[in-house]
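Asks: Basically our numbering = 1-based index in the sequence shown + 438. Yeah, the Cβ is synthetic: ideal placement off N, Cα and C, and Gly gets one too. Take a look at this one; I'll ask things after.
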Amino acid sequence: MMKLLLLFSMALIALNVDAKPDTRVYELRTYHCHEGKRADLIARFQNHTTRIFEKHGMTNVAYWLPTSPEMKNDLIYMLSYPSMEARQAAWKAFSTDPEWQKVAADSQINGKIVAAVDSKFLKMEPELTKKLKLKAKSPERIFELRSYYCLPGRYPNIVARFRDHTRDIFETHGIENIAYWGTIEKDDTQSHLVYIIAHESEAAAKNSWDAFRADPVWKKAQKASEEDGKIVEKVVSVMMAPLPFSKLR
């Protein structure tokens, strides 16, 4: 009896641990390189930067190359931190690290690599993602980064629609849910939904999206969710291939 009680208690503890929300701060960064310099940036990340990030408490989550020709000079990556305060401290320590300063200087002997940087801070959307899934179902897959900008006051509606319908319908059409975040905004600006899904290939992605949009179950869910007005104002999608050193592949 005591053994059974102990096993039951351990199971409850495990459930409570799994139920803990992911409160980390995620940062999605896009580096726009000078023409012909992206290969230098990739080498710098692979050989130096990722390791120096980890030394200063930053967690490397993923590194991707957009597949669109229009983004041929871009690299997208994601880091996570225990908190925003930890993020600020980590970047300060990183930027003043003599090792990093030497790496940066040596890598730019023939010219600057990065022309501009875009950054978004994200928090995991607890109603949509319990844990970031790093392990691949298949050895090769393509990722899709999607950002949904909602009409005023409609962010809770998009979360509800994904929670109650969209994610499950995705899976029936071969679209793998990876993770969902809401943006962290500085003022009263409404968050927008950022999520990552995976496909077997870009061709598979097109087939899955065609089937999803034609699915009567989805059409019914969309119609019901928009009885009191449209939810989404704009959608931005980027197809991405993971780099070999990306944890999320």
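By alpha-carbon positions, which one of T487, D606, Y618, V499 ends up nearest to L572?
Replies: Of the candidates T487, D606, Y618, V499, the one whose C-alpha sits nearest the C-alpha of L572 is V499.
Asks: Can you grab the Cα-Cα spacing for the pair A513 / H603, in whole Å?
Replies: Per the sequence shown, residue 513 should be read as Leu rather than Ala. Their backbone Cα atoms lie some 32 angstroms apart in a straight line.
Asks: According to DSSP, is M562 helix, strand or coil?
Replies: Note: M562 maps to strand in three-state DSSP.
Asks: Considering only C-alpha positions, which residue in the set K658, G667, I613, R525 is nearest to A641?
Replies: Taking only the C-alpha atoms, the option nearest A641 is I613.
Asks: Nearest-angstrom Cα distance between N548 and R476?
Replies: Taking the straight line from one Cα to the other gives about 13 angstroms.
Asks: Go through the region 643–684 residue by residue and report every complete run of the alpha helix (DSSP H) that reaches 4 residues or more, in order.
Replies: If we require 4 residues or more, the alpha helix (DSSP H) runs fully inside the region 643–684 come out as 654–663.
Asks: Pull the bridge partners of T505 from the DSSP assignment, please.
Replies: According to DSSP, T505 bridges with nothing at all.
Asks: Run through DSSP, which three-state label would S430 get?
Replies: Past the boundaries of the shown model lies residue 430; the chain is included only from 439 to 687, so the question cannot be answered.
Asks: Using the rule of at least 16 other Cβ atoms within 10 Å of the residue's Cβ for burial, across every protein chain shown, is E465 buried or exposed?
Replies: E465 is buried by the Cβ-count criterion.
Asks: From what residue to what residue does the alpha helix (DSSP H) around M522 run?
Replies: From DSSP, the alpha helix (DSSP H) with M522 extends over 522–533.
Asks: If you drop the 5 nearest sequence neighbours on each side, which residues of the same chain put their C-beta closer than 6 angstroms to that of V673?
Replies: The answer, listed in chain order, is Y586.
Asks: Three or more C-beta pairs closer than 8 angstroms, one from the region 579–598 and one from the region 628–640: is that the case here?
Replies: These segments touch.
Asks: Taking DSSP as the reference, what is the three-state secondary structure of D556?
Replies: Residue state, collapsed to three classes: strand.
Asks: Can you tell which of L503, R482, R489, G474 has the C-alpha that lies nearest to the C-alpha of G681?
Replies: According to the sequence as given, residue 681 is Leu; it is not Gly. Considering only alpha carbons, the answer is L503.
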